[in-house]
Amino acid sequence: MSKHIIAVTVENLPGVLTRVTTLIRRRGYNIDSLAVGATEDPSVSRMTVVVEGDDIIIEQVTKQLYKLIDVIKVVDLTKEHLVERELVLIKVKADHNVRPDIVQIVDIFRARIVDIGRTSLIVEATGDKRKIDALEDAFRPFGILELVRTGKVAMVRGTGEDNRRK
Amino acid sequence: MKLKGADILMHCLQREGVEVVFGYPGGAVLPIYDALYDSPIKHILVRHEQGAVHAADGYARASGKVGVCLATSGPGATNLVTGIATANMDSVPLVCLTGQVASTLIGKDAFQEADITGISLPITKHGYQVQRTEDVERIIKEAFFVARTNRPGPVLVDLPKDVMAREIDFEANDAEVKIRSYRVMKGVNSGQIIAAAEAINKAQRPVIYAGGGVIASNAAEELRQMAEKCRIPVTTTLMGMGAFPGTSYLSLGMLGMHGTRYANYAIGECDVLIAVGVRFDDRVTGKLETFAPHARVIHIDIDAAEIGKNTAAHIPIVGEAREALQALLPRLKTQLELTEWHQIIAKWKDEFPLRYGSPSEGRIMPQHIVETIYDLTRGDAIITTEVGQNQMWAAQYYFYNEPRSFISSGGLGTMGYGFPAAIGAKLACPEKTVFDIAGDGSIQMNIQELGTAMQYKIPVIICILNNQYLGMVRQWQELFHQGRYSYTDMSHQPDFVKLAEAYGAVGMRVNRTEDVREALQEAMQVTDRPVIIDFWVEREAGVYPMVPPGESILNMLGGDLNE
């Protein structure tokens, strides 16, 4: 069992997200994360679904997704050279005495402080899953009040050379 | 031309060649019914929406055309759900039209509002809710196109009342349907065809395992040619009954849980398995690891997702069964060296024929009734079934020689399917005698459609194999639950003869073997109304042979002359 990143290009129509999630649930697959958004073509949306499963399960997910009428394309990106990113917002407890420590962590992770409250800060960061996980760990001792992650989005790197991971 | 949404809908249905719609009116579909009033399309008023969708399904299976049903919003639409799921499991092309509350009221929990597009999502091939009158034409066209192409299935179209009532300037657009994310499957991979032909030509113990896909793609003729050219034995699934002539010397009958011993043994011994239009359903395969363990598996299916879903195929061929078989045929050697294989099978057929015992006083063996129906019709009838023992006996003891002559809820196993499906089948094929082989439990689930059959003078013959039990469940309780018949005794039941007569139909009761033939002959003379024959059958007759659930299909109970 391993995590697979599947990019699903769909018609930008009402109900399509439900179709995709219903299918994945109905066939008993588990979604790790799901991110949806518009693309350069306003009639098309792109979903990035992270699903866990062995090769047989992923093949089935892909084929079943393809059967949905509104699905234009399904690509398992896992075997490709990728840029993958996730965005996180963390509201961390920040009394005056710990603020310098937090700012230091923000600098190290190349994150940004986007809101300053009296007793808390909101930190924004993007990166791959490992970076986000590490950032979360680093803030935990201070007290995380709220945290939200977008789920992963991914894109295959530019072509021109052999793109497949060996 | 100024037209209302509902008029455009009628125009579109006519253009699709729709002759009959099965439906039930209600508030939200009033504009549609108003348009139907002037339309040449025939409307059959059912007594329950479940009857409408099963009748449309029976019509579709018997004719090969798309079946159409119509229900109002809310409860009308939700009453379709079982029938939609039935059609979806068996890949039957349907367009299910549902009324919806006015678009301004959607989401407000309005009277008779139900989210039928949401509810039906996992049990349809596709679904639409029409938002604008301008979209009616395109969506109806797409709905029919999607329902009938590739692997067929039900498509739901939800029609808000105001969208149907609104008038727009309409000009018919006869352009072909184009959906960028949906392409009709064409052609097959020739490399795979060559590989399959090589495997078949080298086979010593080949078996063809044919299913509903053969019927759906009208490939029965190609299948027969292939089997006869190479002399390959053929077993069919329940959905595949009629895909290959049951009377052929090459026929092994049905396989699986209630298949013949010789079909299952042939699967167990075969070296090449040619699976055509099948999905390796658990009722067919039993324990997967022991299904065709020595075989190279060639799997032909139009649905790529079926390949490898339940079991891996050595030579997968994605494509229409008919196209694939046409491509295969010229590459196959005539008459393979199969004498030894045929001898083995002949021995199994001698040793393990389908058989049954004799009845007690005042009872009939149910199998005998099915055999007599075959005898009287010479197989030239359409048989629909309910679900349970009646369904299995109908599959085992009747020879289906033509596709679309056996109509049954295979995948979902919907009790109450057979009678409304028979009504639909009779409307599709008025020249055929149509029997619904029923159980006393199942028939009570949609018995109200007697009213429909009376109103439209539809002569279908309902043969109730009445054992006063939910017989199949009782059989499992007998075998696997120490005979603890928990709530399967249905001995309190209506007098089916009087019930038929109350509707104005013909009712008969038969409880002696010697009267079976005459009663059936009499029923076949009736041309203007349905007939119920209440056959009192041996109460604890079982369906055998049988593979216990989850076991290898080689481990069969019953049907062994040496037992």
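Those protein sequences? They're chains A and B, same order as listed.
At position 119 of the first sequence (counting the first as 1) the number is 119 in our numbering, and the numbers step up by one without a gap.
At position 324 of the second sequence (counting the first as 1) the number is 1324 in our numbering, and the numbers step up by one without a gap.
Every residue gets a Cβ at the ideal spot worked out from N, C-alpha and C, and that includes glycine.
Because the structure is a prediction, the values reported are computed rather than measured.
(1) For H1043 (chain B), which of helix, strand or coil comes out of DSSP?
(2) Any beta-carbon of chain B closer than 8 angstroms to the one on E124 (chain A)?
(3) Please classify G1550 (chain B) as buried or exposed, where buried requires at least 16 other C-beta atoms within 10 Å of its C-beta.
(4) Is the Cβ-Cβ distance between A1305 (chain B) and Q60 (chain A) less than 8 angstroms?
(5) Decide if the stretch 5-15 of chain A is in contact with the stretch 35-46 of chain A; the criterion is three or more beta carbon pairs, one per stretch, under 8 angstroms apart.
(6) Compare the C-beta of E40 (chain A) with all C-beta atoms of chain B and state if any pair is closer than 8 angstroms.
(7) By Cβ distance below 6 angstroms, which residues in the same chain neighbour Q1455 (chain B) in space, the five residues on each side in sequence not counted?
(8) Residue range of the beta strand (DSSP E) that D1169 (chain B) falls in?
(9) Identify whether P1154 (chain B) lies in helix, strand or coil by the three-state DSSP scheme.
(10) According to DSSP, what are the bridge partners of T1236 (chain B)?
(11) Rounded C-beta distance between I144 (chain A) and V92 (chain A)? I'm assuming under 8 angstroms.
(12) What's the gap between the Cα of S1181 (chain B) and the Cα of M1 (chain A)?
(13) Can you grab the Cα-Cα spacing for the pair A1502 (chain B) / Y1037 (chain B), in whole Å?
(14) How would you call K1309 (chain B), buried or exposed, if buried means at least 16 neighbouring beta carbons within 10 angstroms?
(15) Excluding five sequence neighbours on each side, which residues of the same chain lie with their C-beta closer than 7 angstroms to the C-beta of A1263 (chain B)?
(16) For chain A, check one thing: does any of its Cβ atoms lie closer than 8 angstroms to the Cβ of A1180 (chain B)?
(17) Any idea if Q1482 (chain B) is buried or exposed, counting beta-carbon neighbours within 10 angstroms, 16 or more meaning buried?
(18) Rounded to whole angstroms, how far is the Cβ of H1299 (chain B) from the Cβ of D1271 (chain B), which I believe are closer than 8 angstroms?
(19) Could you compute how far the alpha carbon of M1445 (chain B) sits from the alpha carbon of V1387 (chain B)?
(20) Anyone know if the C-beta pair for V16 (chain A) and S33 (chain A) falls short of 8 angstroms?
(21) For R1512 (chain B), does the three-state DSSP call read helix, strand or coil?
(22) Quickly, what does DSSP pair S1248 (chain B) with across the bridge? List them, please.
(23) What would DSSP say about H1368 (chain B), mapped onto helix, strand or coil?
(24) Could you say if the stretch 1355-1367 of chain B and the stretch 1334-1341 of chain B meet the contact criterion of at least three C-beta pairs nearer than 8 angstroms?
(25) Within the present structure, is the beta-carbon of H1492 (chain B) separated from the nearest heavy atom of the ligand MN by less than 7 angstroms?
(26) Ordered along the chain, which non-local residues of its own chain (more than five positions away) have a Cβ less than 6 angstroms from that of I1532 (chain B)?
(27) State the Cα-Cα distance for the pair I5 (chain A) and I1302 (chain B), rounded to the nearest angstrom.
(28) By the DSSP assignment, the beta strand (DSSP E) with M1241 (chain B) in it spans what residues?
(29) Leaving out five residues on either side along the sequence, give the residues of the same chain with a beta carbon under 7 angstroms from the beta carbon of E1142 (chain B).
(30) What does DSSP give as the partner residues of W1536 (chain B) in its beta bridges?
(31) Tell me where the alpha helix (DSSP H) around M1089 (chain B) begins and ends.
(32) Taking only three categories from DSSP, how would you classify K152 (chain A)?
(33) Which runs of the alpha helix (DSSP H) spanning at least 4 residues fall entirely within the stretch 1357-1432 of chain B, listed in chain order?
(34) What does the alpha-carbon distance come out to for the pair T1247 (chain B) and N1079 (chain B)?
(35) Taking a cut of 7 angstroms between CB atoms, which residues from the stretch 1120-1137 of chain B lie near chain A?
(36) For P1075 (chain B), count neighbouring C-beta atoms within 10 Å of its own C-beta (all shown protein chains included) and say buried if the count is 16 or more, exposed if not.
So, from the data block:
(1) One-based indexing of the second sequence puts residue 1043 (chain B) at position 43. Looking at H1043 (chain B) - three-state DSSP - the assignment turns out to be strand.
(2) Within the first sequence, numbered from 1, the residue matching residue 124 (chain A) stands at position 124. No, E124 (chain A) does not count as interfacial toward chain B.
(3) The count along the second sequence starts at 1 and reaches residue 1550 (chain B) at position 550. Under this definition G1550 (chain B) is an exposed residue.
(4) By 1-based counting over the second sequence, the position of residue 1305 (chain B) is 305. By 1-based counting over the first sequence, the position of residue 60 (chain A) is 60. Yes, Cβ-Cβ distance for A1305 (chain B) and Q60 (chain A) is below 8 angstroms.
(5) With the cut-off at 8 angstroms, the stretch 5-15 of chain A and the stretch 35-46 of chain A touch.
(6) Against the first sequence, residue 40 (chain A) aligns to sequence position 40. No, because no Cβ of chain B sits closer than 8 angstroms to the Cβ of E40 (chain A).
(7) Working through the second sequence from its first residue, we reach residue 1455 (chain B) at position 455. Around Q1455 (chain B): no qualifying Cβ.
(8) For the purposes of this step, residue 1169 (chain B) is taken as the residue at position 169 of the second sequence. Run containing D1169 (chain B): E1167 to D1169, per the beta strand (DSSP E) assignment.
(9) Sequence index remark: in the second sequence, residue 1154 (chain B) carries index 154 (1-based). In the structure shown, P1154 (chain B) sits in a strand (DSSP, three-state: E or B).
(10) Here residue 1236 (chain B) corresponds to residue number 236 of the second sequence, with the count starting at 1. Paired residue(s): B:A1210 and B:M1254.
(11) On the first sequence, residue 144 (chain A) is found 144 positions in, with the first residue counted as 1. On the first sequence, residue 92 (chain A) is found 92 positions in, with the first residue counted as 1. Right, their Cβ atoms sit about 6 angstroms apart.
(12) Here residue 1181 (chain B) is taken as the residue at index 181 of the second sequence, counted from 1. Here residue 1 (chain A) is taken as the residue at index 1 of the first sequence, counted from 1. Their backbone Cα atoms lie some 30 angstroms apart in a straight line.
(13) Along the second sequence, read from residue 1 onward, the residue named residue 1502 (chain B) stands at position 502. Along the second sequence, read from residue 1 onward, the residue named residue 1037 (chain B) stands at position 37. The C-alpha of Y1037 (chain B) is placed about 30 angstroms away from the C-alpha of A1502 (chain B).
(14) Mapped onto the second sequence, residue 1309 (chain B) falls at position 309. It counts as buried.
(15) Working through the second sequence from its first residue, we reach residue 1263 (chain B) at position 263. For A1263 (chain B), where only same-chain residues beyond five positions count, the Cβ hits under 7 angstroms are T1235, L1252, G1253, M1254 and L1255.
(16) The residue you call residue 1180 (chain B) lines up with position 180 of the second sequence. The sequence shown places Arg at residue 1180 (chain B), not Ala. So, interface residue.
(17) To locate residue 1482 (chain B), count along the second sequence from 1; it is residue 482. The residue in question, Q1482 (chain B), is exposed, as its Cβ has fewer than 16 Cβ neighbours within 10 Å.
(18) One-based indexing of the second sequence puts residue 1299 (chain B) at position 299. One-based indexing of the second sequence puts residue 1271 (chain B) at position 271. Cβ atoms of H1299 (chain B) and D1271 (chain B) stay farther apart than 8 angstroms, at about 16 angstroms.
(19) Residue numbering aside, residue 1445 (chain B) sits at position 445 when the second sequence is read from its first letter. Residue numbering aside, residue 1387 (chain B) sits at position 387 when the second sequence is read from its first letter. Rounded to the nearest angstrom, the two C-alpha atoms are 11 angstroms apart.
(20) By 1-based counting over the first sequence, the position of residue 16 (chain A) is 16. By 1-based counting over the first sequence, the position of residue 33 (chain A) is 33. No, the Cβ-Cβ distance between V16 (chain A) and S33 (chain A) is not below 8 angstroms.
(21) Taking the first residue of the second sequence as 1, we reach residue 1512 (chain B) at position 512. Here R1512 (chain B) sits in coil by DSSP.
(22) For this step, residue 1248 (chain B) is matched to residue 248 along the second sequence. Beta-bridge pairing links S1248 (chain B) to no other residue.
(23) Here residue 1368 (chain B) corresponds to residue number 368 of the second sequence, with the count starting at 1. Note: H1368 (chain B) maps to helix in three-state DSSP.
(24) The count of Cβ pairs closer than 8 angstroms, one atom from the stretch 1355-1367 of chain B and one from the stretch 1334-1341 of chain B, stays below three, leaving the stretches out of contact.
(25) The model depicted lacks the ligand MN and carries no ligand whatsoever.
(26) For this step, residue 1532 (chain B) is matched to residue 532 along the second sequence. I1462, F1496, A1500 and G1507, listed in sequence order.
(27) What you label residue 5 (chain A) is simply residue 5 of the first sequence in a count that begins at 1. What you label residue 1302 (chain B) is simply residue 302 of the second sequence in a count that begins at 1. Roughly 27 angstroms separates the two Cα atoms.
(28) As a working mapping, residue 1241 (chain B) is identified with position 241 in the second sequence. For M1241 (chain B), no beta strand (DSSP E) segment is defined, and its DSSP state is neither H nor E.
(29) Along the second sequence, one-based indexing puts residue 1142 (chain B) at 142. Excluding positions up to five away in sequence, the list reads V1177 and I1179.
(30) Locating residue 1536 (chain B) in the second sequence gives position 536, where the first residue counts as 1. Partner(s): B:N1466.
(31) As a working note, residue 1089 (chain B) is residue 89 in the second sequence. Start and end: V1081 to M1089.
(32) Counted from its first residue, the first sequence places residue 152 (chain A) at position 152. Correct three-state label for K152 (chain A): coil.
(33) 1366-1377, 1389-1396 and 1418-1428
(34) Taking the second sequence and counting its residues from 1, the one referred to as residue 1247 (chain B) is at position 247. Taking the second sequence and counting its residues from 1, the one referred to as residue 1079 (chain B) is at position 79. Cα to Cα, the separation comes out at about 39 angstroms.
(35) L1121, P1122 and H1126
(36) As a first step, residue 1075 (chain B) must be located in the second sequence, where it is residue number 75. With fewer than 16 other Cβ atoms within 10 Å, it is exposed.
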